[in-house]
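See structure below.
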Amino acid sequence: MLVKLPTRPPLRRCAVAGAAGLALLGAGLPTADAPGPGLARFYDQKVTWSACKGQDMPKDLQCGKVTVPLDYGKPGRGTLDLAVARYRATGESRGSVLLNFGGPGGQGVGQLAMAGQDFMGLTNGYDVVGFDPRGVGRSSPVSCGNAAGGALDATDSSTDVADPQAVLDRLREAAAECTEHSGPVLPHIGTVNAARDLDVIRAALGDDKLNYLGFSYGSRLGAVYAAQFPGKVGRMVLDGVDTLTEPLSEQGVVRAQGQQTALENFLTWCTQDIACPFGQNPREAREDVVRVVESLDEDPVPTDFGEAFSGQDFAGALAQGLYSRELWPSLQRAIAQLLEDGDTRGLEAFASGGVVLPPLRAPHRGLVDPEDVPLDNLPAALMAINCADDPDRPGAAQVTRDLGRLRARYEQASPVFGRYRLTQVLMCYGRPKGTDFIREDVKDLDTPRMLLVGTRGDPATPYRWTVETAERLGSSAVVLDNRAEGHTGYGSSKCVHRKVDAFLLYGTLPPDGSSCGSDHGLK
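As numbered in our numbering, residues 43 to 565 make up the sequence shown, in order.
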């Protein structure tokens, strides 16, 4: 049966979301590449393709669905449908290459519809396929309703350090609301199950091996797949490589630092323009951004939807817009609209998750029917998946004792993004322990060689994570050093784009440790 979700309630645009009641993942993992008991019917299905439904969907994009078990440990107890989309190969097809656009929580169908032209070179040999992972987009999307907004505010309150118990109470309430609004998929969300879904999709497409291009979080998904199904790995590329070992709390600090550096680079660029809303002095501009965040937290701006746009919404919008230099002009205009006219629409497009993989066109939600996908689905799925993937769970006593220290550490990492990132860590409080499979078992892979791309100036996945993950995966990993800025390299570097396509299409790997210099991006 298709998992049915409750009627969508009004939603806060930039909530940081999660849920309670996540099941312990990792049970019943496959020990070989053959399907487990009761799974044959899922592996025997074929995708039925038809024209994609939705506003502005490209005419040459085809859509379908793949049915997977809700619970791989009990495959007879319910199913869910995963949305898939493809551009057909222009000539003779050698199979499919699957894309994951990151997040976690990024929609593969909508992103492929928006950014399809960036992957047209791959249609010289492949059907190019995107998919919405479980809990994301059109695949039984999770949501937290209005609750996550209250949880977000809990860490912004001026009394949160003085009264950490109040923070914990609000986080528990928000988690309960996430459970209520997300439906039966929530206890079965996470990368371990998503990787098993990936193998069912591979089989439904008729491919003996998985050819795969994963960005950011998509690198984690690809690595987990390779650990579970080493004999099914074809040509695999991981771009913007995620960590497999660092706790979520450490990841938050690293990402806050990276985004602060990207913000300072953006402000240096912006202040060279007379139209920069922060003036022409970079140091003063940095101070102005902090003041804007504080001011909006104290007095949020109303939006067209009657909801409030806070300083943390502003920080979330900045975080998305800083992923690529190609987005900077749009981000500058959106900030100017807010500061000059009180117009939040441009920043809301960033904050709502309209941008996942750069470079896309301007943020745009027209390709996604809001009646089908809750507006908070990206942050809700992001938190649910990250928490399910992380085995660390601080108890109430530890949070109460360490909240002040944690907040100071995060704000030292970034006065703009520190609280925003800390909230994402705190949202895992009170949930069952996540899987330890990723940290313990995704290593020393026995697979064909795969390509890992790391970008030196990446604000979200630092280059050292690429090196560390490559060492962890073993001799199968080949590293390409992209000496540029921005999150991931394929969409912004001609050199990276060529080398990735050459490997996926022809099996030609660059030498391990080779590099690409900075260029002006794709045209």
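Heads up, the beta-carbon is just placed ideally off N, CA and C, and yes, glycines get one too.
Rounded straight-line distance, which links the Cα of residue j to that of residue i
i, j, result
"H529", "T497", "7 angstroms"
"A236", "Y85", "15 angstroms"
"S556", "R506", "15 angstroms"
"G300", "A502", "6 angstroms"
"M156", "E368", "15 angstroms"
"D385", "G225", "34 angstroms"
"L286", "D383", "44 angstroms"
"P474", "V495", "33 angstroms"
"R463", "G133", "46 angstroms"
"A357", "A422", "17 angstroms"
"L81", "K88", "14 angstroms"
"D341", "V334", "10 angstroms"
"V151", "R514", "31 angstroms"
"L164", "E336", "46 angstroms"
"N307", "V343", "27 angstroms"
"P79", "Q362", "42 angstroms"
"L124", "D523", "34 angstroms"
"D554", "G264", "19 angstroms"
"D198", "W91", "Low per-residue confidence applies at D198: pLDDT is 48, beneath 50, and the placement is therefore not dependable, though the value from the model is reported in the following sentence. Looking at the two C-alpha atoms, the distance is approximately 47 angstroms."
Per-residue DSSP class, three states only, for residue i
i, result
"G163", "helix"
"D432", "coil"
"C537", "helix"
"G256", "strand"
"F351", "strand"
"Q454", "helix"
"Q104", "strand"
"W311", "helix"
"A502", "coil"
"G118", "coil"
"V184", "coil"
"V89", "coil"
"T530", "coil"
"T345", "coil"
"V266", "helix"
"T28", "Here the chain covers residues 43 to 565 and nothing more, so residue 28 does not appear."
"T285", "coil"
Range covered by the alpha helix (DSSP H) that runs through residue i
i, result
"P371", "370-383"
"M278", "Counting along the chain, M278 falls outside any alpha helix (DSSP H), though it belongs to the beta strand (DSSP E) covering 275-281."
"F392", "387-393"
"V151", "150-157"
"D523", "Taken as a continuous stretch (DSSP letters only), D523 belongs to no alpha helix (DSSP H), being part of the beta strand (DSSP E) at 519-527."
"D330", "324-340"
"R481", "479-483"
"G460", "460-468"
Beta-carbon proximity check, residue i vs residue j, cutoff 8 angstroms
i, j, result
"L252", "G276", "yes"
"P146", "I480", "no"
"Q302", "S456", "yes"
"L373", "V331", "no"
"R130", "D169", "yes"
"V295", "R451", "yes"
"A526", "S517", "no"
"L445", "V209", "yes"
"H568", "D418", "The chain is shown from 43 up to 565; residue 568 falls before or after that span and cannot be answered."
"R491", "V509", "no"
"V126", "F173", "yes"
"V171", "L247", "yes"
"P183", "P371", "no"
Span of the beta strand (DSSP E) around residue i
i, result
"P226", "Note, P226: premise wrong, no beta strand (DSSP E); not H, not E."
"A125", "121-129"
"N235", "Where N235 is concerned, there is no enclosing beta strand (DSSP E), although the alpha helix (DSSP H) it sits in stretches over 233-246."
"L141", "138-142"
"V171", "169-173"
"G559", "556-559"
Residue i beta carbon near the ligand FMN (any heavy atom closer than 7 angstroms)
i, result
"A127", "What this structure holds is no ligand at all, so the ligand FMN is not there to describe."
Inset, instruction - State whether the region 265-283 contacts the region 171-184, with contact taken as three or more CB pairs (one from each stretch) at a distance under 8 angstroms. - result: no
Inset, instruction - Report yes or no: do the region 338-355 and the region 379-392 share at least 3 C-beta pairs separated by less than 8 angstroms? - result: yes
Legend entry - Contact the region 265-272 vs the region 475-490: 3+ CB pairs below 8 angstroms: yes
Legend entry - Segment contact flag, the region 312-328 with the region 546-553, C-beta cutoff 8 angstroms, min 3 pairs: no
Inset, instruction - Assess, as a yes-or-no matter, whether the region 453-471 is touched by the region 418-436 under the definition of 3 or more beta carbon pairs within less than 8 angstroms. - result: yes
Inset, instruction - Decide if the region 87-97 is in contact with the region 215-230; the criterion is three or more beta carbon pairs, one per stretch, under 8 angstroms apart. - result: no
Legend entry - Touch test, the region 136-144 against the region 249-264, Cβ-Cβ under 8 angstroms, three pairs minimum: yes
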